[in-house]
Amino acid sequence: MADDSLFEFLHMEIVSHIFNEQQSSKGELDNKDRAACISLLEAMGFRVGQGLIERLTRDTPSFKDELDIMKFICKDFWTKVFRRQVDNLRTNHQGTYVLQDNKFSLLSQFSGGKQYLDQAPKYLAFSCGVVRGALSNLGLESVVTAEVSIMPSCKCPIHDFYSYVQDCGFFLQLQIEKEISDFFLTDDLNRT
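The numbers in the UniProt record's numbering rise by one with no breaks, and the one at position 64 of the sequence shown is 64.
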């Protein structure tokens, strides 16, 4: 019980420090600054998730498929990290999984209702990174997001990176083509 409180307090202070540090250097935070803070928290969580999954799977036989990996994440990994199992796991069997935790520990310090919903993303970024880092070390490149409609309930849609890219394929392809053509155009101009 004391470990839970210490981790929750440390997590709150890390989030607060990152946002306060950004705010003190720039004044008022705009959307770009908030996104940078959330990205930093997610990157920190990613590294933590990689380390945790290495330790937890050291003596575990390899997984047969993606569904086995997700079951391990929901039962064993989630229990070790957040002290309880996921309440619900859903899948469309095409690379998308939704994990639901109705009493997510890192949101439990907020009162129920909707008044703090705008604060939830910054307190979920680290956790999304932890899950994405764990999945990455298990061989699943993924996109992990979090949705909150009522505190402290949290849904984490996880998309297999490649199926997610297929859904966004046209936009992604155009963006990559534009960056490549800009690179070669700039490179050609520098040569002359």
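For glycine and all other residues, C-beta sits at the position ideal for the given N, C-alpha and C.
Limits of the beta strand (DSSP E) - the one that S142 falls within = 142-144
query = What's the C-alpha gap between S24 and F82?
reply = 32 Å
message = Within the continuous alpha helix (DSSP H) that includes T79, where are the two ends?
response = 78-82
task = Hey, could you find the ends of the beta strand (DSSP E) Q100 is sitting in?
result = 96-101
key: 4 or more residues per run - each alpha helix (DSSP H) lying fully within the segment 15-100   = 31-56, 66-72, 78-82
key: Residue range of the alpha helix (DSSP H) that includes S136   = 120-137
ask   = If we count the other Cβ atoms within 10 Å of its Cβ and call it buried at 16 or more, is A146 buried or exposed?
value = buried
From G129, E66, N137, E141, residue whose alpha carbon lies closest to that of R58 = N137
ask   = Is the CB-CB distance between A120 and V148 below 8 Å?
value = yes
key: Cβ-based burial, I18 [other Cβ within 10 Å; buried from 16]   = buried
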